[in-house]
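What follows is a short report on a single structure.
The structure is reproduced here in structure tokens:
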């Protein structure tokens, strides 16, 4: 099925460990996004990539890095995980101007202990 | 500041009744609005959208109303079913010279009572 695929679905990390969340879309979208979702906080933008080769900070970029590997893939890296990064992470993609909205992945539930 | 918000964080509706979820936006320049549905453990799913040159749009059992005068958006779900239980988000898009992104509200949790 066409859409946005995120891996892994669940992850538990110890404080200070690193990991990379993977995201891939097969809709030939130009733009991709990483959000985190915390209870009562809604969706907060971490980083986005308007097109292949470009990335920009969103609302809450501290503690994260991203790589737009190619048009299909956009990864999110936590270099040194902290308990405050416990959250559900969503990847999304859209046309360059999201005139038809975003398509979201199913999310990665990350717990940092 | 600019925001997309919701009037009520939770809403409980009897199965079979109609439900209305509201959303306020503060930027009169916003020209595109979307409602998303998020079921437990899943990512947000597109339900319906509306552009600022319209005031009403209907889908299957859902209707979105846009009142630009008071900057208000609503989602009406007809004859609610148990599967409608979810969190509903509104989102807006503002023109930004090719740097458009969606801004999301915090969501309303809709619970359908059997």
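Residue numbers (the numbering used here), protein chains in the order written: chain H, 52 to 164; chain W, 20 to 133.
Even for Gly, the Cβ is constructed at its ideal location relative to N, Cα and C.
The alpha carbon of residue 117 of chain H has as its nearest neighbour, out of H/152, H/58, H/85 and H/57, the alpha carbon of H/85. The DSSP assignment places no complete alpha helix (DSSP H) segment of no fewer than 4 residues inside the region 97 to 144 of chain H.
Comparing alpha carbon positions, the residue from W/112, W/38, W/63 and W/71 closest to residue 155 of chain H is W/63. In the DSSP assignment, residue 108 of chain W falls within the beta strand (DSSP E) that extends over 105 to 112. Neighbours of residue 61 of chain W in chain H, taken as residues whose beta carbon is under 8 Å from its own, are 157 and 158 in chain order. The Cβ of residue 104 of chain H sits no closer than 8 Å to any Cβ of chain W.
The shortest C-alpha to C-alpha distance from residue 93 of chain H to any of W/106, W/36 and W/37 is the one to W/106. Apart from sequence neighbours up to five positions away, the residues of its chain that approach residue 139 of chain H with a beta-carbon distance below 6 Å are 88, 158 and 160, ordered along the chain. Nearest C-alpha to residue 129 of chain H among H/65, H/55 and H/121: H/65. Spanning the alpha carbons of residue 72 of chain W and residue 40 of chain W requires a straight line of approximately 21 Å. Contact with chain W is absent for residue 97 of chain H, since none of that chain's Cβ atoms lies less than 8 Å from the residue's Cβ. Distance from the Cα of residue 65 of chain W is smallest, within the candidate group W/74, W/75, W/54 and W/59, for W/54.
Taken atom to atom, the span from the alpha-carbon of residue 112 of chain H to that of residue 105 of chain H is near 15 Å.
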